[in-house]
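Residue numbers (the working numbering), protein chains in the order written: chain A, 119 to 512; chain B, 494 to 639.
Cβ atoms here follow ideal geometry from the backbone N, Cα and C, with glycine treated the same way.
Below: the structure, in structure tokens.
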Amino acid sequence: MNAALKSTLQKRWFASQWLERLGAVLDLTDAQLTLAQERYETVGRWLAASDHPWLARSSIFAHGSIALGTAKRPIGRDEFDVDLVNHLIAGPSSADPRQVKNVVGARLWEHGTYRTMLEEMPRCWRLNYKGAFHLDITPAVSHPIEPFPAIWVPDKRLECWVPSNPIGFRKRFEVRAALTPRLPLARADGFRADVEPFPMQAGPRGILRRIVQLLKHHRDVDFQESELSDLRPISIIITTLAAQSYERNILFASYETEYDLILAVIEGMPDFIQVLNQGGQVIYVVANETVRGENFAEKWNRDARLPRAFFAWHTHVVGALRELIDTDGLDVLAARTSRHFGAHVGERVLEKYTRETAGARASQRLTVARGVGLAASALAATPVRANTFFGRPE
Amino acid sequence: MPRFTPSGLTAAQQDLALRLSPITIGSGGVKRGRLSWQFSVQPSVMSRTYDLKLEYDAWDVPRVFVRTPDLVELAGGRRLPHVYSERPTRLCLYLPQGGEWHRGLSLAATIVPWAYLWLYYFEDWLVSSEWKGGGMHPPAPARKAR
Numbered sequence: 119m120n121a122a123l124k125s126t127l128q129k130r131w132f133a134s135q136w137l138e139r140l141g142a143v144l145d146l147t148d149a150q151l152t153l154a155q156e157r158y159e160t161v162g163r164w165l166a167a168s169d170h171p172w173l174a175r176s177s178i179f180a181h182g183s184i185a186l187g188t189a190k191r192p193i194g195r196d197e198f199d200v201d202l203v204n205h206l207i208a209g210p211s212s213a214d215p216r217q218v219k220n221v222v223g224a225r226l227w228e229h230g231t232y233r234t235m236l237e238e239m240p241r242c243w244r245l246n247y248k249g250a251f252h253l254d255i256t257p258a259v260s261h262p263i264e265p266f267p268a269i270w271v272p273d274k275r276l277e278c279w280v281p282s283n284p285i286g287f288r289k290r291f292e293v294r295a296a297l298t299p300r301l302p303l304a305r306a307d308g309f310r311a312d313v314e315p316f317p318m319q320a321g322p323r324g325i326l327r328r329i330v331q332l333l334k335h336h337r338d339v340d341f342q343e344s345e346l347s348d349l350r351p352i353s354i355i356i357t358t359l360a361a362q363s364y365e366r367n368i369l370f371a372s373y374e375t376e377y378d379l380i381l382a383v384i385e386g387m388p389d390f391i392q393v394l395n396q397g398g399q400v401i402y403v404v405a406n407e408t409v410r411g412e413n414f415a416e417k418w419n420r421d422a423r424l425p426r427a428f429f430a431w432h433t434h435v436v437g438a439l440r441e442l443i444d445t446d447g448l449d450v451l452a453a454r455t456s457r458h459f460g461a462h463v464g465e466r467v468l469e470k471y472t473r474e475t476a477g478a479r480a481s482q483r484l485t486v487a488r489g490v491g492l493a494a495s496a497l498a499a500t501p502v503r504a505n506t507f508f509g510r511p512e
Numbered sequence: 494m495p496r497f498t499p500s501g502l503t504a505a506q507q508d509l510a511l512r513l514s515p516i517t518i519g520s521g522g523v524k525r526g527r528l529s530w531q532f533s534v535q536p537s538v539m540s541r542t543y544d545l546k547l548e549y550d551a552w553d554v555p556r557v558f559v560r561t562p563d564l565v566e567l568a569g570g571r572r573l574p575h576v577y578s579e580r581p582t583r584l585c586l587y588l589p590q591g592g593e594w595h596r597g598l599s600l601a602a603t604i605v606p607w608a609y610l611w612l613y614y615f616e617d618w619l620v621s622s623e624w625k626g627g628g629m630h631p632p633a634p635a636r637k638a639r
């Protein structure tokens, strides 16, 4: 492989690891996630223990980013969102959505502590665990026609039920997330000494989850300052398009590095937006594949600013990823990362990288490899002997 | 008076080691007993490429200078850490008399990798303003009595 090609390959390997570290910086901790789960399971038991016949055998489960494994630290506030469905298996589908919601709310109100944390939202109840997370509990009844686990959830105005299938959605997502790319240059242990400076385990959650996490975080930063923050693409659309693009790219293409795959997946997302022409009007459809009758992009067809905002954001995020490769200086890379993914995020990613360098140095595994620079235990490389920087600044 | 012959590697031997090293692609040579070697260093593939100059007389300590880019300018008003001088920018890579380097050691195997490490920490320092490479400063000189 000639030198020029190899050097961009090395940059793309570096970028792959950089993005993985970025994801790790954005992750919630296991402790946070475990605590949230313990709390909502407790709430679920409280709800199911109610005397009200509709709450008999009710079950509580997570949906959204917590369920999918794509959750990340929120920007600008402490509490992350835990989206929950309280499925009232014994609740009649013929019941009024407002009534069903009130049954759930009343039961939460009966609990002395929950009462103090309770906040009503348009179609769910929020329990506010200050400084930690919000539990957003959406009541649901069984879908009267489609088989379990399809459900009906209240619409925003509580006037009628709309179809949903969070469990089905999660299962579909998990199948796609489990697909792994074949990276042609990876050795059995995944570490190519001459291109990859430091060996890194692939994240346990897999590349698709990382992609969704990065996209949502970029979106949050992109729309943070904007007066247009109401127009930000919703997470379910981002997640659906990314998952479909990921599946196509894994099955029908191969890539040299994870960075290349990530970039291709993101670039391909618009391909999965159906654009129909109904009597001269453009209709956007991002269908929920797991239940009939739900178009995630329904609002795009009522407000033309929404699809415009999506496509503009999409151009930004592709540009941000491409820009990462084209840097001259780790400080520049860190600055660009912060610009796109939030204040100080770039610094934290660089800190992680520096800790790895320091670890290799401390255990005498640091080397300098031709064309790569500092690397851990690279073959045919020059070891960095122990030294102490010295020197008097003027 | 006996001619002073330094023990350890000669300048010519150091020159050869530099020529053979895969991480010092550069040019230079020995003239009148002084080795001068210019080479590029890129601490990581996303780092800048720095042009360095190494000077070595076999009876003195090696001196490493950064020619481009201008580190003082990059530092944006902050004092460079771990340098002997800011202009020219002379890097301080090891503890003198600390046993880390001596004339018997190849510069290509010691000073050069340490330069890579220094420049890596430099780029980190540009971001964090914290020198994470460890190291020491010499004690401040004692005040002269009036």
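Review point. Of the residues that make up the segment 367–386 of chain A, which ones have a beta carbon closer than 8 Å to any beta carbon in chain B?
Key: none
Check your understanding: In chain order, which alpha helix (DSSP H) runs of at least 4 residues are fully inside the segment 155–242 of chain A?
Key -> 182–186, 215–227 and 230–235
Review point. According to a CB-to-CB cut-off of less than 7 Å, which residues of the segment 529–550 of chain B neighbour chain A?
Key: Q535, P536, S537, V538, M539, S540 and R541
Practice item. Under the assumption that V330(A) contacts T188(A) (Cβ atoms under 8 Å), give the Cβ distance between them as a whole number of angstroms. Key: 4 Å
Review point. Closest by CA to M387(A), which one among S176(A), N413(A), Q217(A) and A360(A)?
Key: A360(A)
Check your understanding: Residues of chain A with a CB under 8 Å from the CB of A602(B): which are they?
Key -> T500, P501 and R503
Practice item. Please look up how many angstroms separate the CB atoms of S176(A) and L186(A), rounded, as I've assumed it's under 8 Å. Key: Actually they do not touch by this definition, with Cβ atoms about 23 Å apart.
Practice item. Determine, using beta carbons only, whether R300(A) comes closer than 7 Å to chain B. Key: no
Exercise for review: Measuring only between beta-carbons, confirm whether V620(B) sits less than 7 Å from chain A.
Suggested key: yes
**Study point:** L547(B) - DSSP class collapsed to helix/strand/coil
**Key:** strand
Check your understanding: Does the separation of the CB atoms of L547(B) and V557(B) fall below 7 Å?
Key -> yes
Review point. If you run the structure through DSSP and keep just helix, strand and coil, what is K289(A)?
Key: helix
Check your understanding: In this structure, does DSSP put L528(B) in helix, strand or coil?
Key -> strand
Review point. Applying the criterion that 16 or more other CB atoms from any shown protein chain within 10 Å of the CB defines a buried residue, is S540(B) buried or exposed?
Key: buried
Check your understanding: Looking only at C-alpha atoms, which of G627(B), W530(B) and Q507(B) sits nearest to I518(B)?
Key -> W530(B)
Check your understanding: Where do the N-terminal and C-terminal ends of the beta strand (DSSP E) with Q399(A) fall, by residue?
Key -> Q399 to V403
Check your understanding: Mind checking whether C585(B) and H575(B) have CB atoms under 7 Å apart?
Key -> yes
Point to revise | Residues that P515(B) contacts on chain A, provided the C-beta gap is smaller than 7 Å | key: R488
Check your understanding: In angstroms, rounded to a whole number, what distance separates the CA positions of N367(A) and L301(A)?
Key -> 12 Å
Practice item. State buried or exposed for I355(A), treating a residue as buried only when at least 16 other CB atoms are found within 10 Å of its CB. Key: buried
Practice item. For H630(B), count neighbouring Cβ atoms within 10 angstroms of its own Cβ and tell me buried if that reaches 16, exposed if not. Key: exposed
Check your understanding: Should E277(A) be flagged as near chain B, meaning a C-beta pair shorter than 7 Å?
Key -> no
Practice item. Answer yes or no: does any C-beta atom of chain A fall closer than 7 Å to that of G569(B)? Key: no
Practice item. Decide yes or no for the touch test of the segment 494–504 of chain A against the segment 600–610 of chain B: beta carbon pairs closer than 8 Å, at least 3 of them. Key: yes
Check your understanding: Should the segment 155–163 of chain A be regarded as contacting the segment 335–351 of chain A, the criterion being three or more beta carbon pairs within less than 8 Å?
Key -> no
Review point. Does the separation of the CB atoms of L379(A) and P299(A) fall below 7 Å?
Key: yes
Review point. Q128(A) versus chain B: which residues are under 8 Å apart at the beta carbon?
Key: V538
Practice item. Could you tell me the boundaries of the alpha helix (DSSP H) in which G437(A) lies? Key: R423 to I443
Check your understanding: Within 7 Å (strictly less), CB to CB, does D444(A) reach chain B?
Key -> no
Point to revise | Selected residue, minimal CA-CA separation from D254(A), among N419(A), D201(A), T358(A) and R466(A) | key: D201(A)
Check your understanding: Among all the DSSP beta bridges, which residues are the ones paired with L245(A)?
Key -> L236(A) and L253(A)
Check your understanding: Alpha carbon to alpha carbon, what distance is there between F132(A) and L349(A)?
Key -> 34 Å
Review point. Going by other Cβ atoms of all chains shown within 10 Å of its Cβ, with 16 needed for buried, is T472(A) buried or exposed?
Key: buried
Check your understanding: So, is the C-beta of E623(B) closer than 7 Å to a C-beta in chain A?
Key -> no
Practice item. Write down every uninterrupted run of the beta strand (DSSP E) in the segment 353–418 of chain A whose length is 3 residues or greater and which is fully enclosed by it, in chain order. Key: 392–396 and 399–403
Review point. Quick one: any contact between the segment 220–227 of chain A and the segment 236–246 of chain A, if contact means 3 or more CB pairs under 8 Å?
Key: yes
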